[in-house]
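Right, one structure below, let's go through it.
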Amino acid sequence: MPSAIPAPRAQDRRTAWEVQRAVIFAMVLREMKQRVGGQWAGAIWTVLEPLAHTLVIVTILGFVRGRMMPGIEYPVFLAVGLIPYFFFQHLTMRLMDGITANRGVFAYRQVKPIDALLSRGIVEALMNLVVYALTLGILAWLGFHVVPALPLELIGVQLLIGYLGLSMGILAAVVSHARPRVRSFIRVSFMPLYFLSGVIFPIHQVPKEYLDWLLWNPMLHLVELSRHSFIQQYRTVDGVNLMYPFGFTLLVSALALALYRVNRQQLIASS
Amino acid sequence: MLELQHITKSYPSPQGRRYVFRDLSFSFPVGANVGLIGRNGAGKSTLLRILGGIDMPDSGRVHSQSSISWPVGLSGGFLTLLSARENVEFVCRVQGAHGRDMRAKVDFVREFAEIGDYFELPMKSFSSGMRSRVAFGLSMAFDFDYYLIDEVMAVGDAEFRKKSRDVLKDRLKRANLILTSHNMADIRQYCDLVVVVDRGNTVLYNDVEAGIQAYLGTSTDA
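Protein chains in written order, with this note's numbering: chain A, 1 to 271; chain B, 1 to 222.
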């Protein structure tokens, strides 16, 4: 609304986009400093977790499984399924606490809960990139083949995983804000999801009648597709496709953003 | 100009919706330092939060072309794992102060807070007094048209309090103050007029003493 009175200091008034950019940038820096500067142990663990995980499982199962998939190196098979899965899991978990952990900062009117969530998502994605590169680097150093067969498909699938994790994280943050006890339930439900997403075992071995049920899990599709785009010889199970997880992700993100919009006042108010 | 237009604000509670304000319209007089007084729970802090853009009303809006501060002396936004410098830089970035502007503000806060090398250390090692010094300095590092103050006047030792008062007085040459307090001495010292907030209504008193008398008359806890 135009005002007849000349606005004081209008000359340094920023556009909405400039404010948005400044806030996201500031929040990303803040998150990174907190992750890295505060607790070195935590940051190192984030990077080493998938690697340690891969090594442990390879040591236990490697010899058994190795013979079951001719032409496929089990450690690579494991790593390229594990890392995308952890990316999803970490995104959801970190975002879930994202609003509560940043409560005080919403007193600066420019900062909204969604900024805190997006910034956490960006930091998580950057860390995942480092983890991915480092794990592959070490596998390459050990003499495995770590060049993705279909790099563009791989990037596409990782972006979709990121978007799904972001949406699930926003949803979890909004839903659990008024009911913090939901959080332990969500944390616990990641345990079965880990096994149901075919992270450590090839899903081919599951009988057909169970497989149809397993295919309701979008992360199974995305883990399988991540592998397929990395290892050429790896054939995905019948029924795995991109459309289902894509549709699922769109639905979840619409739901998450709608619930965020409806609850945006309460998310700040209880600070 | 700062104007509330048809503000309604309520909170859900187990006993149904609690209305803090219903269709409240109010215009803050230009160029005046305003004291908001009222009982606990009368809605002063809610009003301040709405003015500060932290809380949104259910309906209605705040109409203003002026810049309005965050609550002065607020330290809840600090991350205790980060140093005071990093926290100050964060706020500078959010507020749009870059480069030389940011350095100037950081230097100002550092000098103002007088906490020496602690400025570079994680704030978890700070006493509450040190935290308040940084927080107050940070608020004063920015030029706003309105400074919002929610009951924070007495932080630090006598010397620091005097310094705080002086710098605030200096800012008030070009800006105005909206202050909530239960301490009538603060109200008398800083405010040109008084708004008594009571049960969702606001009454403006151009004479500070008259306002205080009206408040004390209606109040039971003063």
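Don't be surprised by glycine CBs; every beta carbon is placed ideally from N, CA and C.
- Across the region 167 to 190 of chain A, no CB contact with chain B closer than 8 Å is found for any residue.
- Note that the region 7 to 19 of chain B does not touch the region 256 to 264 of chain A; fewer than 3 beta-carbon pairs, one per stretch, sit closer than 8 Å.
- ARG174/B: not part of any beta strand (DSSP E); DSSP gives it neither H nor E.
- As the crow flies, the alpha-carbon of LEU129/A is around 10 Å from that of THR135/A.
- Contact of ILE155/A with chain B is not assigned, every C-beta pair being separated by 8 Å or more.
- In the structure shown, the three-state DSSP call for GLU73/A is coil.
- Taken atom to atom, the span from the alpha-carbon of PRO218/A to that of LEU154/A is near 16 Å.
- Where SER10/B is concerned, there is no enclosing alpha helix (DSSP H), although the beta strand (DSSP E) around it starts and stops at 2 to 11.
- With respect to the C-alpha of PRO245/A, the residue from LEU126/A, PRO84/A, PHE201/A and HIS221/A having the closest C-alpha is HIS221/A.
- Of all residues in the region 99 to 129 of chain A, only GLY104, VAL105, PHE106, ALA107, TYR108, ARG109, GLN110 and VAL111 come within less than 7 Å of chain B when Cβ atoms are compared, listed by chain position.
- For LEU126/A, the three-state secondary structure derived from DSSP is helix.
- The bridge partners DSSP lists for PRO207/A come to none.
- Membership of THR202/B in the beta strand (DSSP E) is indicated by the continuous run 201 to 205.
- PHE142/B is the residue among PHE142/B, ARG133/B and PHE90/B whose C-alpha sits nearest the C-alpha of SER67/B.
- Residues of the region 86 to 97 of chain A whose Cβ lies closer than 7 Å to any Cβ of chain B: none.
- Its chain contains ASP150 and THR180 as the residues whose beta carbon lies nearer than 7 Å to that of SER45/B, once the 5 sequence neighbours on both sides are disregarded; these appear in chain order.
- Boundaries of the alpha helix (DSSP H) around ASP101/B: 99 to 113.
- ASN40/B and GLN5/B have their C-alpha atoms some 24 Å from each other.
- In the DSSP assignment, the residues bridged to ARG18/B are TYR11/B.
- For secondary structure counted as the beta strand (DSSP E) over 3 or more consecutive residues, the region 118 to 157 of chain B holds these complete runs in sequence order: 146 to 150.
- Non-local beta-carbon contacts of ILE203/A in its own chain, meaning distances under 6 Å to residues more than five positions away in sequence, involve VAL237 in chain order.
- For chain A, the residues of the region 46 to 72 of chain B that bring a beta carbon within less than 7 Å of one of its beta carbons are GLY52, GLY53, ILE54, ASP55, MET56, GLN65, SER66, SER67, TRP70 and PRO71, in chain order.
- Residue state for SER27/B is assigned as strand, using DSSP reduced to three classes.
- Separation of the CB atoms of GLU120/B and ARG93/B is rounded to 18 Å, and the pair is thereby denied contact status at 8 Å.
- Only residues of its own chain outside the window of five on either side were considered, and among them ILE231, GLN233 and TYR234 have a CB closer than 8 Å to the CB of ILE72/A, listed in chain order.
- Rounded to the nearest angstrom, the gap between the Cα atoms of SER10/B and ILE57/A is 55 Å.
- Taking 7 Å as the Cβ-Cβ cut-off, the region 82 to 97 of chain B approaches chain A at LEU82, GLU86, PHE90, VAL91, ARG93, VAL94 and GLY96, given in chain order.
- Using a Cβ-Cβ cut-off of 8 Å, ILE44/A does not count as an interface residue toward chain B, since no Cβ of chain B sits closer than that to its own.
- When only Cα atoms are considered, ARG183/A and ILE114/A end up about 18 Å apart.
- Taken in chain order, the whole alpha helix (DSSP H) runs of length 4 or more contained in the region 44 to 73 of chain B are 44 to 51.
- Distance from CYS191/B to VAL208/B at the Cβ level is roughly 6 Å; contact confirmed, criterion being Cβ atoms closer than 8 Å.
- DSSP places ILE99/A inside the alpha helix (DSSP H), whose first and last residues are 98 to 101.
- A Cβ-Cβ separation of about 17 Å leaves VAL199/A out of contact with LEU48/A under the 8 Å criterion.
- Here PRO84/A is buried, its C-beta having at least 16 other C-beta atoms within 10 Å.
- ILE60/A and VAL76/A have their alpha carbons spaced roughly 15 Å apart.
- Using a CB distance cut-off of 8 Å, ALA26/A counts as an interface residue toward chain B.
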